[in-house]
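Those protein sequences? They're chains A and B, same order as listed.
Heads up: take any position in the first sequence, counting from 1, add 1289, and you land on my numbering.
Heads up: take any position in the second sequence, counting from 1, add 1289, and you land on my numbering.
A quick write-up on the structure given underneath.
Protein chains: 2
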Amino acid sequence: MKIYDVENFPNPLRVRIALAEKNAIDKVEFVAVDLLNGEHREEAFLAKNPLAGVPVLELDDGTFIAECTAITEYIDTAFDGISLMGVGAKSRAVINMMQKRAESMVLDAVATYFHHATAGLGPELETNQNATWGQAQKDKANAGLIYFNEVLAGSEFVAGNEFSIADITLFAGLVFAGFAQITIPSQLTHLLAWQEKMAKRDSISA
Amino acid sequence: MKIYDVENFPNPLRVRIALAEKNAIDKVEFVAVDLLNGEHREEAFLAKNPLAGVPVLELDDGTFIAECTAITEYIDTAFDGISLMGVGAKSRAVINMMQKRAESMVLDAVATYFHHATAGLGPELETNQNATWGQAQKDKANAGLIYFNEVLAGSEFVAGNEFSIADITLFAGLVFAGFAQITIPSQLTHLLAWQEKMAKRDSISA
């Protein structure tokens, strides 16, 4: 299988961590997308993902899977090893919820701030900016950091006592926050300690 | 188990359809949330869901599950019957992707238009509106309707040949579109035929 992505970008990072957690990085051929020159908006890429986002997984039968949660669902079901999406109804539901919160409260909020209220990827790519909306999303992201600090005060991982996709999403959100120059306040000690612990995992530090 | 919701609202509808598909409506005690009077923003409700959204599932052990995808994951795993999230890696991934597209391209876009660029739920609840962003989301929703018409030209259901959570999300998106007075253009014949077929399902028509 192939993954079309941009190394070191936050969403591609999510899928690469998921693969590494499953020891499956070598099962995939990575194909670089020249996103900074707009390749993701050309017809050939839009045929793979009409929403123009990376990463996209291409299965050996030619099926294209976009969206990080969908690609991670594929990886989690197809490969043995640690469970990323959870086992059993309650665990799967809690992980799904916390993953979604990590997206909406941090990663997606930071992304919208970056693309709408900063120079983002530059004027060629950042068309139709809405700075007011972007700034509101920055406020939302900062509130999200406080929320997850509280969660991590009482829990080893984002969705309970086991590592999951929810940790991957929040970690990528903090990477993006750093890139967008949103600083984690030093008083959010639980969040910062968790981030340090995540950075040391083999799937991330390697 | 209990579900805190508002009957006939689009997101609560998603979970009620999922329960009906599993013949599990009678397993749940529904608790009405007085959203129009702001009950969802009071401390007691925020303790159930800090994002103040409905529906919220409360398990018998006191765990609260918010987010429609998470609640549906619980329902799908806990109850027998038709699979809503898919079986096998590829099917689960395609359904996850198409569900997410139905959210981002239609349901969430319509919701943002409704809450930001129309009177929405009224001035008491619609604080910090951004009409420019809302209008852009209406354009996005209209493009989403065209996308799903094309999908349904080649496929019986949103994520392939089987009914899934992706159909539920898109159906709720069209319900919300109607409420927000976004009309489905008559030339989108595949989408309209699918909507008519969905409306006749026992889980929806009952």
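By construction, the Cβ of each residue, glycine as well, lies at the ideal position given by its N, Cα and C atoms.
Residue from the options with nearest C-alpha to residue i
{"i": "methionine 1387 of chain B", "options": "A:Trp1422, A:Pro1339, A:Val1320", "result": "A:Pro1339"}
{"i": "arginine 1390 of chain B", "options": "A:His1405, A:Ile1354, A:Asn1297, A:Ile1364", "result": "A:Ile1354"}
{"i": "glycine 1467 of chain A", "options": "A:Phe1403, A:Gly1449, A:Cys1357, A:Ala1482", "result": "A:Phe1403"}
{"i": "leucine 1348 of chain B", "options": "B:Glu1356, B:Asn1450, B:Ile1292, B:Trp1483", "result": "B:Ile1292"}
{"i": "alanine 1307 of chain A", "options": "A:Pro1474, A:Met1374, A:Gly1423, A:Gln1470", "result": "A:Met1374"}
{"i": "threonine 1352 of chain B", "options": "A:Gln1484, A:Glu1331, A:Gly1449", "result": "A:Gly1449"}
{"i": "tryptophan 1483 of chain B", "options": "B:Ser1492, B:Glu1445, B:Phe1465, B:Met1290", "result": "B:Glu1445"}
{"i": "asparagine 1312 of chain A", "options": "A:Ala1367, A:Cys1357, A:Lys1337, A:Asp1294", "result": "A:Ala1367"}
{"i": "threonine 1401 of chain B", "options": "A:Trp1422, A:Phe1298, A:Leu1477", "result": "A:Trp1422"}
{"i": "isoleucine 1314 of chain B", "options": "B:Ala1469, B:Asp1365, B:Ile1384, B:Leu1477", "result": "B:Asp1365"}
{"i": "aspartate 1350 of chain B", "options": "B:Gly1411, B:Lys1486, B:Met1487, B:Met1290", "result": "B:Met1290"}
{"i": "proline 1299 of chain B", "options": "B:Ala1469, B:Pro1412, B:Pro1474", "result": "B:Ala1469"}
{"i": "alanine 1442 of chain A", "options": "A:Ala1341, A:Leu1477, A:Asp1294", "result": "A:Leu1477"}
{"i": "phenylalanine 1465 of chain B", "options": "B:Lys1486, B:Lys1427, B:Ser1492, B:Ser1475", "result": "B:Lys1427"}
{"i": "cysteine 1357 of chain B", "options": "B:Glu1451, B:Asn1385, B:Phe1452, B:Ser1475", "result": "B:Asn1385"}
Contact check, residue i vs residue j, beta carbons under 9 Å
{"i": "histidine 1479 of chain A", "j": "glutamate 1415 of chain A", "result": "no"}
{"i": "alanine 1266 of chain A", "j": "valine 1383 of chain B", "result": "Shown here, chain A extends from 1290 to 1495; a query on residue 1266 of chain A therefore has no answer."}
{"i": "leucine 1325 of chain A", "j": "leucine 1463 of chain A", "result": "no"}
{"i": "serine 1453 of chain B", "j": "serine 1372 of chain B", "result": "yes"}
Pairwise C-alpha distance: residue j and residue i
{"i": "phenylalanine 1334 of chain A", "j": "alanine 1321 of chain B", "result": "46 Å"}
{"i": "threonine 1361 of chain B", "j": "serine 1494 of chain A", "result": "34 Å"}
{"i": "arginine 1490 of chain A", "j": "valine 1343 of chain B", "result": "36 Å"}
{"i": "alanine 1309 of chain B", "j": "alanine 1408 of chain A", "result": "48 Å"}
{"i": "valine 1317 of chain A", "j": "alanine 1378 of chain A", "result": "30 Å"}
{"i": "valine 1376 of chain B", "j": "arginine 1381 of chain A", "result": "15 Å"}
{"i": "asparagine 1417 of chain A", "j": "glycine 1370 of chain A", "result": "43 Å"}
{"i": "asparagine 1406 of chain A", "j": "threonine 1472 of chain A", "result": "A small correction: the amino acid at residue 1406 of chain A is alanine; asparagine does not occupy that position in the sequence shown. Distance between the alpha carbons of alanine 1406 of chain A and threonine 1472 of chain A: 16 Å."}
{"i": "glutamate 1328 of chain A", "j": "leucine 1481 of chain B", "result": "34 Å"}
{"i": "glutamate 1296 of chain A", "j": "alanine 1461 of chain A", "result": "13 Å"}
{"i": "glutamate 1413 of chain A", "j": "alanine 1425 of chain B", "result": "19 Å"}
{"i": "tyrosine 1436 of chain B", "j": "phenylalanine 1319 of chain B", "result": "35 Å"}
{"i": "methionine 1487 of chain B", "j": "valine 1345 of chain A", "result": "30 Å"}
{"i": "aspartate 1294 of chain A", "j": "alanine 1398 of chain A", "result": "21 Å"}
{"i": "glutamate 1289 of chain A", "j": "glutamate 1485 of chain A", "result": "The structure shown has nothing for residue 1289 of chain A, since chain A only spans 1290 to 1495."}
{"i": "aspartate 1323 of chain B", "j": "tyrosine 1363 of chain B", "result": "25 Å"}
Host alpha helix (DSSP H) of residue i (start-end)
{"i": "valine 1399 of chain A", "result": "1397-1406"}
{"i": "isoleucine 1314 of chain B", "result": "First-last for isoleucine 1314 of chain B: undefined, no H or E at that position."}
{"i": "isoleucine 1493 of chain A", "result": "1491-1494"}
{"i": "isoleucine 1292 of chain B", "result": "Looking at the DSSP string, isoleucine 1292 of chain B is not in any alpha helix (DSSP H); the run it does join, the beta strand (DSSP E), is 1291-1294."}
{"i": "leucine 1414 of chain B", "result": "Where leucine 1414 of chain B is concerned, there is no enclosing alpha helix (DSSP H), given that its DSSP letter is neither H nor E."}
{"i": "leucine 1346 of chain B", "result": "From DSSP, leucine 1346 of chain B is part of no alpha helix (DSSP H) but of the beta strand (DSSP E) over 1345-1347."}
{"i": "glycine 1377 of chain A", "result": "Taken as a continuous stretch (DSSP letters only), glycine 1377 of chain A belongs to no alpha helix (DSSP H), as it is neither H nor E."}
{"i": "glutamate 1485 of chain A", "result": "1478-1488"}
{"i": "isoleucine 1371 of chain A", "result": "Neither: isoleucine 1371 of chain A is in no alpha helix (DSSP H) and is coded neither H nor E."}
{"i": "isoleucine 1458 of chain A", "result": "The displayed chain sequence assigns threonine, not isoleucine, to residue 1458 of chain A. Unbroken alpha helix (DSSP H) run through threonine 1458 of chain A: 1454-1468."}
For residue i, the first and last residue of its enclosing beta strand (DSSP E)
{"i": "valine 1320 of chain A", "result": "1318-1321"}
{"i": "glutamate 1331 of chain A", "result": "Unbroken run through glutamate 1331 of chain A: none, as it is neither H nor E."}
{"i": "phenylalanine 1353 of chain A", "result": "1353-1355"}
Distance cut-off 8 Å: residue i Cβ against heavy atoms of the ligand NAP
{"i": "phenylalanine 1319 of chain A", "result": "Of ligands this structure carries none, so the ligand NAP is not represented either."}
Notebook entry, point to check: Can we say the segment 1423-1434 of chain B touches the segment 1388-1399 of chain B, given the rule of at least three CB pairs closer than 8 Å?
Noted result: Contact between the segment 1423-1434 of chain B and the segment 1388-1399 of chain B is present, with at least three C-beta pairs closer than 8 Å.
Check: Quick check: the segment 1299-1310 of chain A against the segment 1457-1469 of chain A, are there 3 or more CB pairs under 8 Å?
Finding: Touching, yes.
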